[in-house]
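Visitor: In terms of the working numbering, the sequence shown opens at residue 574 and continues consecutively.
A virtual CB, placed ideally from N, CA and C, is assigned to each residue, including glycine.
Small disclaimer: the values here were computed from a predicted structure and weren't measured.
Pasting a structure below so you can have a look.
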Amino acid sequence: MVRNENFLSLTVEKKLLTEEDTRKLSAKYEGDAFAVLMHLVHGAVAKKDYLGQLWGDSLDVSYINLSKSIIQSQALQQLPEDFARSNKVMPVYQFGEALTVASANPTDKNLTKEIEKTIMKPASMMFAFTEDIEDAIAIHYQSSTGLGALIQQIASSSIFKATSKISPEQLKKLSGDQSIIQLTQGTMLLAVKERASDIHIEPEEDAVRIRFRIDGVLHERMKIDSALLSPIITRYKVLANMDITEKRRPQDGRITLKLTNSAIDVRFSSVPTIYGEKIVLRILGQAEMREAPDIYDIGLAKSNLTVLERIIGNPNGVFFVTGPTGSGKTTTLYSAIKHINKPGINIMTIEDPVEIRLPGVNQVQINPDIDFGFAQALRAFLRQDPDVILVGEIRDVETAKMASQAALTGHLVLATMHTNNALQAVTRLVEIGIEPFLVAPSIIGTMAQRLVRRLCDNCKERYRLDQKIMDNLFIHDGSQEVYFYRAKGCDDCHNLGYSGRIAIHEVFLITEEVRHLISHDASILDIQEAASKSGFKNMRYDGIKKVLRGLTTIDEIDRATLAE
């Protein structure tokens, strides 16, 4: 029972509820204000984070969303996992002498005293929802050391010897062993903790290597005995509802990683190799938990942002975002849609799959099984009175032609395409069979991007740039020292030196000169020359500016733009 009149007053003040509503809910839950809070959360009366902030304000403490926060490993080491689980508290970070701890009951003085007695230092309490605390404990108390100890324990057990020669029934029984369940689940949880996008389980001649792809780069996390490969893969196949007896053909499926109060989607893929099956687990997360970023928060340079705003402010035309798979193209388009989304316009999207739910936007997912692809959806959209159409990807001539025609008939079309840079997108439509006279008037702008690793703010090192490197990168008059930054590594970034990724961009607003060149089927070289005259700057230019700001390293820019 938690009485909190301040919270009930705030819900009225913020116009979430009327005074009559608060009286009825208070009576229903016998004066328990926390139960009223959870009623509002589950009823989606407002966003969970907003309600959490209101509750924190009513108690005069800060609110924290643990699923979006960085948890310091130093903080985890100070509060034992058993204590955290039994008291439903989550250490977050240490600032000065105090340890900041999240709790669903941050004003409980006795709990605060118990924490301070355990850690032998002051505790600063914050509010977090109980279910978020339980899930954070499950994820963040995982460690490579703990999994290593579990692997040694399993490897020493005689029941896992000679697993390659046993029957499928025995193998399925072994895969249900509690230690194998802990290892497979723990591996996925560790990957979530370390922000990995993929887990690679790779059989070699004398061992099995487990690697995580973090910020686009693979890192080895552990090696296990070859005898454990079969029960581990079988366990993952059982979770993905795959055929455990089939080892000669590739298989694909989905796994739901269940936490205490939520679940994470994981895509399963297996292929046979000369040493056994290799599996890759792609951590997809939860679409309903993700939000589209604001256009001002995707790392655009001011000059690029100005051009992008001008492009998406057009009432009609085609705008392409290009780049390889996994370069953040869709996220950029989502941010553009979010920026222009107003109650007075009809926005429709065709996606494969729908990655983020956008309030106020009509989102459609294609279904190839019933012959409902991008072209079919786009044809149907044109009868739905749209103002803005987002096409997940232009893959064929039919979709490209319809997108161009839609732009010419008064619609703004946003789409992705696979090209190496923004300027190539201009000529790609002609290359795949669209007439130049149709492309030239319809296309209004193109944009290309890549993702590079972001330096960890906690440990990055500044160094003076060598004159020879400086001369290769830019013109320098020698009036001041130039500094770059490099990765070092600390506990916060798991000793990688990087934490997260940022995008580097190039944005091109189609000029009348370029439009004329397109209509006359000009070469990409002619278009590049015209773009340079108009002030176009490529991705490498944007990347070097971000190196100078200390956001990434020149090695990352070379890796992403070396071929340009």
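1) Exposed or buried, which one is Y1036 when buried takes at least 16 other CB atoms within 10 Å?
2) Looking at F841: is its Cβ nearer than 7 Å to the Cβ of I856?
3) The alpha helix (DSSP H) that contains I1017, what's its start and end?
4) Ignore the nearest five residues each way along the sequence and tell me which others in S1092's own chain have a CB closer than 7 Å to its CB.
5) Closer than 8 Å is the cut-off here; do at least three beta carbon pairs connect the region 926-935 with the region 1014-1026?
6) Looking only at C-alpha atoms, which of L1002, F947, F580 sits nearest to G625?
7) Looking only at C-alpha atoms, which of K1110, T833, Y809, K621 sits nearest to D825?
8) I think A1060 touches T1134, with their Cβ atoms under 8 Å apart; what is that distance to the nearest whole Å?
9) Taking 7 Å as the cut-off, decide whether the C-beta atoms of A701 and I637 are in contact.
10) What's the gap between the Cα of I837 and the Cα of A764?
11) Which residues in the same chain as L1002 place their Cβ atom closer than 6 Å to its Cβ, once the five residues preceding and following it in sequence are excluded?
12) Ends of the alpha helix (DSSP H) at L906?
13) CA-CA distance, K1033 and A948?
14) If we count Cβ pairs, one from each stretch, closer than 8 Å, do we get three or more for the region 888-903 versus the region 1098-1107?
15) Which runs of the alpha helix (DSSP H) spanning at least 4 residues fall entirely within the region 743-798, listed in chain order?
16) How many angstroms separate the CA atom of Y1056 from the CA atom of I1130?
17) By a C-beta neighbour count over all protein chains shown, 10 Å radius and 16 as the cutoff for buried, is P823 buried or exposed?
18) Return the chain-ordered list of same chain residues with a C-beta closer than 6 Å to the C-beta of L832, the five sequence neighbours on each side being excluded.
19) Counting only the same chain and skipping the five closest in sequence on each side, list residues whose C-beta sits under 7 Å from that of V891.
20) Where P866 and S1096 are concerned, what is the direct C-alpha to C-alpha distance, given to the nearest angstrom?
21) Could you tell me if G933 is buried or exposed, where buried requires 16 or more neighbouring beta carbons within 10 angstroms of its beta carbon?
22) Between V674 and M698, which are expected to be in contact by the criterion C-beta below 8 Å, what is the C-beta distance as a whole number of angstroms?
23) Pick out whichever of D960, N935, K851, E966 has its Cα sitting closest to the Cα of G946.
24) Less than 8 Å between the CB atoms is what I'm expecting for L802 and P776, so what's the real figure, rounded?
25) In this structure, how does DSSP classify H615 when only helix, strand and coil are distinguished?
26) Sort N834, T757, A606 by Cα distance to A813 and report the nearest one.
27) DSSP on V1055, reduced to helix/strand/coil?
28) By the DSSP assignment, the beta strand (DSSP E) with H1078 in it spans what residues?
Guide: On the basis of the supplied data:
1) Y1036 counts as exposed, since fewer than 16 other C-beta atoms from the protein chains shown sit within 10 angstroms of its C-beta.
2) no
3) That residue, I1017, is in no alpha helix (DSSP H); its beta strand (DSSP E) goes 1016-1028.
4) P1009, F1010, A1013
5) By the criterion of at least three beta-carbon pairs nearer than 8 Å, the region 926-935 is not in contact with the region 1014-1026.
6) F580
7) Per the Cα distances, Y809.
8) Incorrect: roughly 18 Å between the Cβ atoms, too far for contact.
9) yes
10) 12 Å
11) A973, V1012
12) That run of the alpha helix (DSSP H) goes 902-913.
13) 47 Å
14) no
15) 751-766
16) 16 Å
17) exposed
18) D708, A711
19) Non-local beta-carbon contacts of V891 in its own chain, meaning distances under 7 Å to residues more than five positions away in sequence, involve A976, S977, A980, V986, A988, S1015, I1016, I1017 in chain order.
20) 36 Å
21) exposed
22) 6 Å
23) E966
24) Cβ-Cβ separation between L802 and P776: approximately 5 Å, consistent with a contact (criterion under 8 Å).
25) helix
26) T757
27) coil
28) 1071-1082
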